[in-house]
Amino acid sequence: YNHFPRHLKWQNNNITFRILNYTPDLKKADVDRAIRNALNVWADVTPLTFKKLHEGIADIMISFGSREHGDYNPFDGPNGLLAHAYPPGAGIGGDTHFDEDEQWTKDSSAYNLFIVAAHELGHALGMSHSSDAGALMYPVYSYTTGFPLSEDDIEGIQALYGGKIHDLLKPRPVAPSKCDPDLSFDAVTELRGETIVFKDSFYWRLHPQMPEPEQTLIKSTWPFFPKKVDAAYENPEKDRVYMFSGIKMWALNGYDLVDGYPKYIHKLGLPKSVRKVDAAVYIKDTGKTLLFTDEEYWRYAKRLFTRTMDRGYPRSIEEDFPGMDDEVDAVAYHYGQLYFFHEHIQYEYSYASRKVLRIQRTNSILNC
Amino acid sequence: LPLQSTEKDNRLFAEKYLHRLYGLPAGLQGRLQKSDTFQTKLKEMQKFFKLKVTGTLDDSTVELMKQARCGVPDIGE
């Protein structure tokens, strides 16, 4: 986290705010609720209280405006800069402005006012930007559900005002570090030419033309998806990505959920004793799908839901993939090679000659 | 050439971004900033976002600059 220079903060804990005007994108009551909930986020972890004024000058004056809106700090039209706020102080200090040219929503369909307001009011209380992609005070917008403050945010605001922590609050997760030498993956899949690596509540997106993987909250892209992904694979012929979490599976067409999903994994013919899929991969050359669970794996013919698992499965991973670990966290298939990930080790495995060709660190695919 | 105009557009976009959020001095509108000032600020931005600090406008950097964000500067006042 970061504070503003000189650790600017309000000198008393009872702060006033006033909403000067409203966006036509939402009902007035929705705006009032979004702002109140955003203030409560910070009140939950500090001794701060927020009193609403309906006239006169408040510490935090909240307004919607577009382009040049009176502070010589113009907005830029739709997207780009969404809002800004001033650090604690007299006059414009604490004031919070939202760009009226944005589409303000109370869900994930456009810019969620509650999330942006919680971020901007963080500034109005003295928080500057955090470089932790999992923090609310990270400069780039991302949609999330649940309590929006991360440990990083909470430490930062409590360094200014002291605090209380409700044990019922579960801070937002800290983003995994891609070059942590012990990094392991939850799942890996291709998605229309890109590689998606899942870890905790985040994913990295690797694109051949982009030297740096881009880290994003899973829920920011797929709000309907649970926090953690166990396994994922792409069937490029059907332009489908299948994602597994617990005993459920989702089918995506690009970033959209396919009708009829999620389904239970047992519809694939897996026994009820299987409670999660550890890894999954589609072998383009044979049209077969492999699902890995604990020390075994299952093989399916081309179409997953024909309920025809190939005969003689499940089989032992150790027997069929000699030289490999007996469990798998994630697996991908590129140009005839299988890439198995287990803990911090990546095995490059030749599917044809049935042997391990190379061993690397798991995060070597993240340019580490 | 299209490539050239895209590069020029990205450069002007980046200058505006760095001016608003990293304190790059306002250059003459339309004329390109002196490269060492620009490069210094670009490196600050790449460091903040844990990108590879190249000092050049690579795709990852341009992609990140184009994401919707807060208008408060990332460093300093």
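Line by line, the protein sequences give chains A and B. Numbering follows this note's numbering, in which position 180 of the first sequence is assigned residue number 180; successive positions increment by one, without gaps. In this note's numbering, each residue carries its 1-based index in the second sequence increased by 368. All C-beta atoms, glycine included, are put in the ideal place defined by N, C-alpha and C.
Item: Identify, in the order they occur along the chain, each residue of the same chain with its Cβ nearer than 6 Å to the Cβ of PHE64/A, setting aside the five sequence neighbours on each side.; Value: ASN21, THR23, PHE98, GLU100
Item: When we look at the beta-carbon of GLY398/B and count the other beta-carbons within 10 Å, is it buried (16 or more) or exposed?; Value: Note on GLY398/B: pLDDT 48, under 50, position unreliable in the model; no value is reported.
Item: Relative to the C-alpha of ALA352/A, which residue among LEU113/A, SER364/A, PRO322/A, CYS368/A is closest?; Value: PRO322/A
Item: Quick one: residues in its chain with C-beta nearer than 7 Å to the C-beta of VAL36/A, no 5 flanking neighbours on either side, listed in chain order?; Value: In the sequence as presented, Val is not what sits at residue 36/A; that position holds Arg. Closer than 7 Å at the Cβ level, and outside the excluded window around ARG36/A, lies no residue.
Item: Within 9 Å of any Cβ in chain A, is that where the Cβ of ASP377/B sits?; Value: no
Item: So ALA330/A packs on ALA187/A, CB below 8 Å; how close in whole Å?; Value: 5 Å
Item: Could you check how far apart the C-beta atoms of PHE198/A and VAL229/A are, in whole angstroms? I think they sit under 8 Å.; Value: 4 Å
Item: Mapping DSSP to helix, strand and coil, what is SER391/A?; Value: This structure does not reach residue 391/A, given that chain A is present from 1 up to 368, and the question cannot be answered.
Item: Do TYR141/A and PRO47/A have their C-beta atoms closer together than 9 Å?; Value: no
Item: Determine whether the Cβ of ASP426/B lies closer than 9 Å to any Cβ atom of chain A.; Value: yes
Item: Would you say ALA332/A and GLU190/A are within 9 Å of each other, going by their C-beta atoms?; Value: yes
Item: Are GLY317/A and GLU296/A closer than 9 Å when you measure CB to CB?; Value: In the sequence under discussion, the amino acid at residue 317/A is Ile, which differs from the Gly named in the question. In this structure, GLU296/A lies closer than 9 Å to ILE317/A by Cβ.
Item: Quick check on DSSP: helix, strand or coil for THR16/A?; Value: strand
Item: Determine the closest residue to ASP426/B out of ILE283/A, PRO211/A, LEU338/A, with distance taken between C-alpha atoms.; Value: PRO211/A
Item: Would you list, in chain order, the members of the region 128–161 of chain A that have their beta-carbon closer than 7 Å to a beta-carbon of chain B?; Value: HIS129, SER131, PRO139, VAL140, TYR141
Item: How big is the Cα-Cα spacing for TRP204/A and PRO213/A?; Value: 6 Å
Item: Could you tell me which uninterrupted beta strand (DSSP E) segments, each at least 3 residues in length, are contained entirely in the region 186–212 of chain A, listed from first to last along the chain?; Value: 187–191, 194–199, 202–206
Item: Applying the criterion that 16 or more other CB atoms from any shown protein chain within 10 Å of the CB defines a buried residue, is ASN14/A buried or exposed?; Value: exposed
Item: I want to see whether chain A comes within less than 9 Å of GLN435/B, judged by CB atoms only; does it?; Value: yes
Item: Name the two residues that bound the continuous alpha helix (DSSP H) containing GLY122/A.; Value: 113–125
Item: Contact between the region 343–357 of chain A and the region 374–392 of chain B: three or more CB pairs below 8 Å?; Value: no
Item: So, for PHE4/A: in the same chain, excluding its five sequence neighbours on each side, which residues have a beta-carbon less than 7 Å away from its beta-carbon?; Value: PRO87, GLY126, SER128
Item: Return the bridge partner residues of VAL31/A from the DSSP annotation.; Value: Its beta-bridge partners do not exist; DSSP assigns none.
Item: Report the neighbours of ALA332/A on chain B: residues whose CB is nearer than 7 Å to its CB, in chain order.; Value: Per Cβ cutoff of 7 Å: no residues; ALA332/A is ~21 Å from chain B at best.
Item: Can you give me the Cβ contacts of MET413/B inside the same chain, cut-off strictly under 6 Å, excluding the 5 residues immediately before and after it?; Value: TYR390
Item: Give me the chain B residues within the contact set of GLN209/A, using Cβ-Cβ distance strictly less than 8 Å, ordered along the chain.; Value: ASP427
Item: For the alpha helix (DSSP H) that contains GLY65/A, what are its first and last residues?; Value: Careful: GLY65/A lies outside any alpha helix (DSSP H), inside the beta strand (DSSP E) at 60–65.
Item: Measure from the C-beta of GLU383/B to each C-beta in chain A and report whether the shortest distance is under 9 Å.; Value: no
Item: Determine the contact status of LEU217/A and TYR143/A, defining contact as a CB-CB distance below 9 Å.; Value: yes
Item: State yes or no: is the beta carbon of PHE406/B nearer than 9 Å to at least one beta carbon in chain A?; Value: no
Item: GLN215/A: buried (16+ other C-beta within 10 angstroms of its C-beta) or exposed?; Value: buried
Item: Thinking C-beta only, is ASP59/A closer than 9 Å to PHE421/A?; Value: Residue 421/A cannot be examined here, being either before or after the span of chain A that is shown, 1 to 368.
Item: Threshold first: 3 residues or longer. Then list the beta strand (DSSP E) segments lying entirely within the region 217–302 of chain A, N to C.; Value: 231–235, 240–245, 248–253, 279–283, 288–293, 296–300
Item: Considering only C-alpha positions, which residue in the set GLY77/A, ASP71/A, GLU68/A is nearest to ARG437/B?; Value: GLY77/A
Item: Roughly how many whole angstroms lie between the Cα atoms of TYR282/A and ARG361/A?; Value: 23 Å
Item: Using a Cβ-Cβ cutoff of less than 6 Å, which residues in the same chain neighbour LEU386/B once the five nearest sequence positions on both sides are dropped?; Value: LEU392, LYS409
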